[in-house]
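The listed protein sequences correspond, in order, to chains D and Y. Residue numbers for the first sequence follow this note's numbering, beginning at 1 and rising by one. Residue numbers for the second sequence follow this note's numbering, beginning at 232 and rising by one. Beta carbons: idealized from backbone N, C-alpha and C, even for Gly. Here the structure is laid out as structure tokens; the discussion comes afterwards.
There are 2 protein chains.
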Amino acid sequence: MSEVESFFKSAFSVDNVIFGFDEGELKILLIQRGAAPYKGKWALPGDLVYPNEDLDDAAERVLEQLTGLRGVYLEQVKTFGSVNRHPLGRVITIAYFSLVNVSNYTVTPASFAQLAKWHRLSDVKDLAFDHNEILDSCLKRLKRKVRTAPLGFELLPPKFTLSELQQLYDSVLDLPKKLDKRNFRKKILSMGFLVECEEVQEGVPHRPAKLYSFDKEKYEQFLNEGYVFDL
Amino acid sequence: MSEVESFFKSAFSVDNVIFGFDEGELKILLIQRGAAPYKGKWALPGDLVYPNEDLDDAAERVLEQLTGLRGVYLEQVKTFGSVNRHPLGRVITIAYFSLVNVSNYTVTPASFAQLAKWHRLSDVKDLAFDHNEILDSCLKRLKRKVRTAPLGFELLPPKFTLSELQQLYDSVLDLPKKLDKRNFRKKILSMGFLVECEEVQEGVPHRPAKLYSFDKEKYEQFLNEGYVFDL
DNA sequence: TGCTATGGTGTGAAAAATACAATAAGTCCT
DNA sequence: AGGACTTATTGTATTTTTCACACCATAGCA
């Protein structure tokens, strides 16, 4: 084998940390591997990138095969390429995270998985490959990004209450002290891109909360006026 | 060729955006390509990753071959993998940026280059491959990172004046208004990890400035007390 | 010695962040 | 109908941070 050929004895994959928000908590979607290596272990959903496929497309494909969802928020985080990270050869992987709204779809295990299931973050341990490290990086990235970009909304249904939104931030940021309710509402409403729907919660055994939704146009306007999202 | 084999008809490279600060300006080190494709064009220094080489090691190697420097600040930024980004095959590239102190070394063009030269950012245009896009990503990253981590010092000699430091920030951030001198000094000194050397500038035709240096231990202490670097 | 260039310093006003608690609007139960 | 329960909603006073701003000091040099 020539020297040049040896450079091409390698492959790349994408792995996707899929975040969801359910039961008041941040969760991630893991698959149980159906094939060696690490057969039976929990792992991040991922796949090799096809020869004629862009990286972002591959990450979208993995997500769609698993959830049926398209057009959700997806962000490249970091590439992991230790020489021995994959037991079968030189495979580097490009890690992505995505944010999905758990309520409106059902998980259908793709070909590469026996089983797919939502996990609470605190229950996750001992994943296949270097996936724990990948998860850490993505979680760290998420924590930063939710404070500097209006991403939280991607994890909620189109209409949500301010309490749900705050609970989401409390869960994602996992700070020693919860955010102050009054200050949180003041701040997020003052940015002016949450619009009050003409609706309230239904079926709750207490005072129903107003529903709000994220107005993308108003957010663009907010940016154009020179402001920055910052929580 | 089997389907599995086709996944391995690919390679990966690293590309390095090397930032330096000289003549009061932010600069980047580019090479003029000595071989096809894009022979003669200016490009980011980069190379294929060896089969038994970690990604970070490859980025360090590229930097060292070009500058002779080791142990400088290096950070992975993003991976670029469009199907057609490389005319000779499927090659994805992992982009890094590094920060070097221009004053203490000389550039020695490596094997992959005819010529290496520092460029002012405003003079850079029409690089080989997708290197303009890579540069944009790295510059954006640098602008964010210098405000949230004590990276600026990596671009300066060990002893520097506060004016030099501010000039560096003005140059990197490139804001419509320069930073205010008094507020800048107040803020950076209040963090307490810049220590005054027992020296002043020499050979300047005006009042000589005090020299300061970055004290890593004091910075750790600053972090342990729960503070965050933020400019 | 005076001209020129950059170094170095403090204060007041405005804006933003923070801490904090009482009333409102529903359901559920008796 | 009334009371208990649960979560929703709202404002103010204090502290902290940010911002705007101008003058004297100290060196080299002619």
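*asked:* According to DSSP, K210 (chain D) sits in a beta bridge with which residue or residues?
replied: On the first sequence, residue 210 (chain D) is found 210 positions in, with the first residue counted as 1. Looking at the DSSP assignment, K210 (chain D) forms a beta bridge with D:V200.
*So, P381 (chain Y) versus Y450 (chain Y), is the Cβ gap smaller than 7 Å?*
As a position in the second sequence, residue 381 (chain Y) is number 150, starting the count at 1. As a position in the second sequence, residue 450 (chain Y) is number 219, starting the count at 1. Closer than 7 Å, so yes.
*Nonlocal neighbours in the same chain, by C-beta distance under 7 Å from E395 (chain Y), ignoring five residues either side*: Here residue 395 (chain Y) is taken as the residue at index 164 of the second sequence, counted from 1. Closer than 7 Å at Cβ, skipping near neighbours: L387.
*Provide the residue span of the alpha helix (DSSP H) that contains F80 (chain D), from first to last.*
Along the first sequence, one-based indexing puts residue 80 (chain D) at 80. Unbroken run through F80 (chain D) is the beta strand (DSSP E), Y73 to F80; no alpha helix (DSSP H).
*Would you check if the stretch 127-135 of chain D and the stretch 71-86 of chain D touch, i.e. whether three or more CB-CB distances between them fall below 8 Å?*
yes
*Could you name the residues of chain Y that I134 (chain D) contacts, counting a contact when the two beta carbons are closer than 8 Å?*
On the first sequence, position 134 is the one that residue 134 (chain D) refers to. None at all; the shortest Cβ gap to chain Y is about 13 Å.
*Between L168 (chain D) and the rest of its own chain, which residues show a CB-CB distance below 7 Å, the 5 nearest in sequence each way excluded?*
Taking the first sequence and counting its residues from 1, one reaches residue 168 (chain D) at position 168. Answer for L168 (chain D): F21, G152, L155 and L156, listed in chain order.
*Determine the DSSP secondary structure at L155 (chain D), reduced to helix, strand or coil.*
Along the first sequence, one-based indexing puts residue 155 (chain D) at 155. Looking at L155 (chain D) - three-state DSSP - the assignment turns out to be helix.
*Smallest Cα separation from V331 (chain Y): which of Y:C369, Y:R321, Y:L406 and Y:F250?*
On the second sequence, residue 331 (chain Y) is found 100 positions in, with the first residue counted as 1. Cα-wise, what sits closest to V331 (chain Y) is Y:F250.
*asked:* Can you tell me whether V62 (chain D) is buried or exposed? The criterion is at least 16 other CB atoms within 10 Å of its CB, across all chains shown.
replied: As a working note, residue 62 (chain D) is residue 62 in the first sequence. It counts as buried.
*Contact with chain D by S383 (chain Y), beta-carbon distance below 7 Å*: Residue mapping note: residue 383 (chain Y) aligns to position 152 of the second sequence, counting from 1. The question names Ser, but residue 383 (chain Y) in the sequence shown is Gly. G383 (chain Y) does not count as touching chain D.
*So Q452 (chain Y) and Q345 (chain Y) are in contact, right, with Cβ under 8 Å, and what is the actual spacing, rounded?*
For the purposes of this step, residue 452 (chain Y) is taken as residue 221 along the second sequence, with counting starting at 1. For the purposes of this step, residue 345 (chain Y) is taken as residue 114 along the second sequence, with counting starting at 1. With a Cβ gap of about 48 Å, Q452 (chain Y) and Q345 (chain Y) do not count as contacting.
_With a threshold of 7 Å between beta-carbons, can L55 (chain D) be considered close to chain Y, or not?_
As a position in the first sequence, residue 55 (chain D) is number 55, starting the count at 1. Judged by the 7 Å Cβ criterion, L55 (chain D) is in contact with chain Y.
*asked:* I need the DSSP call for N455 (chain Y), collapsed to helix, strand or coil.
replied: Reading the second sequence from its first residue, position 224 is the one you call residue 455 (chain Y). It is helical.
_Straight-line gap, S233 (chain Y) to Y336 (chain Y) (C-alpha atoms, nearest Å)_ = Mapped onto the second sequence, residue 233 (chain Y) falls at position 2. Mapped onto the second sequence, residue 336 (chain Y) falls at position 105. Because the pLDDT at S233 (chain Y) is just 49, under 50, the model does not fix this residue reliably, and the point stays unresolved.
*Are the stretch 281-291 of chain Y and the stretch 240-250 of chain Y in contact at 8 Å, needing three or more beta carbon pairs?*
yes
*Give a yes or no on whether the C-beta atoms belonging to F12 (chain D) and I92 (chain D) are separated by under 7 Å.*
Start at 1 with the first residue of the first sequence, and residue 12 (chain D) comes out as number 12. Start at 1 with the first residue of the first sequence, and residue 92 (chain D) comes out as number 92. In contact: F12 (chain D) and I92 (chain D) (Cβ atoms closer than 7 Å).
*When the cut-off is 7 Å and only beta carbons count, does I259 (chain Y) lie next to chain D?*
Walking along the second sequence from the start, residue 259 (chain Y) turns up at place 28. I259 (chain Y) does not count as touching chain D.
*What's the C-alpha gap between N183 (chain D) and Y38 (chain D)?*
Sequence index remark: in the first sequence, residue 183 (chain D) carries index 183 (1-based). Sequence index remark: in the first sequence, residue 38 (chain D) carries index 38 (1-based). In a straight line, the C-alpha of N183 (chain D) is about 47 Å away from that of Y38 (chain D).
_Any beta carbon from chain Y within less than 7 Å of T79 (chain D)'s own beta carbon?_
Against the first sequence, residue 79 (chain D) aligns to sequence position 79. Yes, because at least one Cβ of chain Y sits closer than 7 Å to the Cβ of T79 (chain D).
*Could you check where the alpha helix (DSSP H) with K145 (chain D) kicks off and where it finishes?*
As a first step, residue 145 (chain D) must be located in the first sequence, where it is residue number 145. Here the alpha helix (DSSP H) through K145 (chain D) covers H131 to T148.
*Could you work out which residue in Y:K258, Y:K371, Y:F445 and Y:K240 is closest to K348 (chain Y) when comparing CA atoms only?*
The residue labelled residue 348 (chain Y) in the question sits at position 117 within the second sequence. Checking every option, the nearest Cα to that of K348 (chain Y) belongs to Y:K258.
*Could you list the residues in the stretch 163-184 of chain D with a C-beta less than 8 Å from some C-beta on chain Y, going in chain order?*
none
*asked:* Which of the three DSSP states is assigned to D47 (chain D) in this structure?
replied: The residue given as residue 47 (chain D) occupies position 47 in the first sequence. Note: D47 (chain D) maps to strand in three-state DSSP.
*Contact check, L508 (chain Y) vs V355 (chain Y) under 8 Å by CB: the rounded distance?*
Any answer about residue 508 (chain Y) is impossible in this case: the structure gives chain Y only from 232 up to 462.
_For I188 (chain D), the residue or residues it bridges with in DSSP_ = Numbered from 1 along the first sequence, position 188 holds the residue referred to as residue 188 (chain D). DSSP lists no partner for I188 (chain D).
*For L139 (chain D), is the classification buried or exposed, using 16 other Cβ atoms within 10 angstroms of its Cβ as the cut-off for buried?*
In the first sequence, counting from the first residue as 1, residue 139 (chain D) sits at position 139. With 16 or more Cβ atoms within 10 Å of its Cβ, L139 (chain D) is classed as buried.
*Closer than 7 Å, CB to CB, is V91 (chain D) near chain Y or not?*
Position 91 of the first sequence, counting from 1, holds the residue named residue 91 (chain D). Chain Y contact via Cβ: absent.
*Please go through the same chain and pick out, in chain order, the residues whose beta-carbon is closer than 6 Å to the beta-carbon of V72 (chain D), but skip the five residues on each side of it.*
Here residue 72 (chain D) corresponds to residue number 72 of the first sequence, with the count starting at 1. The residues are S98 and V100.
*Could you pull out every residue in the same chain whose Cβ sits closer than 6 Å to the Cβ of S368 (chain Y), ignoring the five residues on either side in sequence?*
What you label residue 368 (chain Y) is simply residue 137 of the second sequence in a count that begins at 1. Once the five neighbours on either side are set aside, the close Cβ partners of S368 (chain Y) are V308 and K309.
*Would you kindly check if the distance between the Cβ of D446 (chain Y) and the Cβ of F460 (chain Y) is under 7 Å?*
Stepping through the second sequence from its first residue, residue 460 (chain Y) is reached at position 229. Stepping through the second sequence from its first residue, residue 446 (chain Y) is reached at position 215. Cβ distance not < 7 Å, so F460 (chain Y) and D446 (chain Y) don't count as in contact.
_Would I325 (chain Y) pass as an interface residue toward chain D - the criterion being a Cβ-Cβ separation below 7 Å?_
Here the question's residue 325 (chain Y) lines up with position 94 in the second sequence. True, the Cβ-Cβ gap to chain D drops below 7 Å.
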